[in-house]
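Heads up, the sequence shown is in this note's numbering, so the first residue is 29 and it goes up one at a time.
Cβ coordinates follow ideal geometry from the N, Cα and C atoms, glycine included.
Given the structure is predicted, the values throughout are model-derived calculations rather than measurements.
Here's the structure we're looking at; comments come further down.
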Amino acid sequence: MRTGVVVGVTNPKTFVLFTAVVPQFVDPAAGGTTVQMLVLGVVPMLIGLVTDTTWAIAAGRARTWLASSPRRMTTVGRAGGACIIGWASPSPVQATTADRAQQRRRHLSDTADRAICLTPLIAPSV
């Protein structure tokens, strides 16, 4: 648990996000800007705490329920295996979609290269 707290506190993405987003919602005319910023910072933390705790309790109860029956565990294992096989199996639809996406990227790259080459000819001289 200590490692999770350290990682969460030292995560620069969270700091940057809150630094960029929170001040937009602070109203200096209302006064108490420090309190407003603290409230806007604490509310998402409390929401996260409540939702994460709820998911943890639900997962613990689900595990207890599933583990209480060998038949349920077999079903879960088979369903997980089927998902892995289905995910790993290529299908013609996936291949076609991937081929189209690759062709599109190639076309966009060629078009961008041409535009870059023509830019000095089109751009006005200063």
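Contact under 8 Å by Cβ, alanine 95 with methionine 101 | Methionine 101 is positioned such that its CB atom lies closer than 8 Å to that of alanine 95.
Run through DSSP, which three-state label would glycine 60 get?
-> In this structure, glycine 60 counts as coil in the three-state DSSP scheme.
Considering only the beta carbon of each residue, do leucine 68 and valine 44 sit closer than 8 Å?
-> No, the Cβ-Cβ distance between leucine 68 and valine 44 is not below 8 Å.
Which of helix, strand or coil does DSSP assign to proline 152?
-> Legend: pLDDT at proline 152 = 49, less than 50; position of this residue unreliable, value from coordinates given subsequently. Proline 152 carries a coil assignment under DSSP once its states are collapsed to helix, strand and coil.
Between glutamine 64 and valine 78, is the Cβ-Cβ spacing less than 8 Å?
-> Taking 8 Å as the Cβ cut-off, glutamine 64 and valine 78 do not qualify as a contacting pair.
Taking the alpha-carbon positions, what's the threonine 116 to arginine 106 distance?
-> Checking the sequence, you will find alanine at residue 116 rather than threonine. One C-alpha to the other measures close to 15 Å.
With 8 Å as the threshold, decide whether the Cβ of valine 50 is near any Cβ in chain C.
-> No chain C appears in this structure, which consists of one protein chain only.
Starting from threonine 31 and walking both ways along the alpha helix (DSSP H), at which residues does that stretch end?
-> Counting along the chain, threonine 31 sits inside the alpha helix (DSSP H) bounded by residues 30-37.
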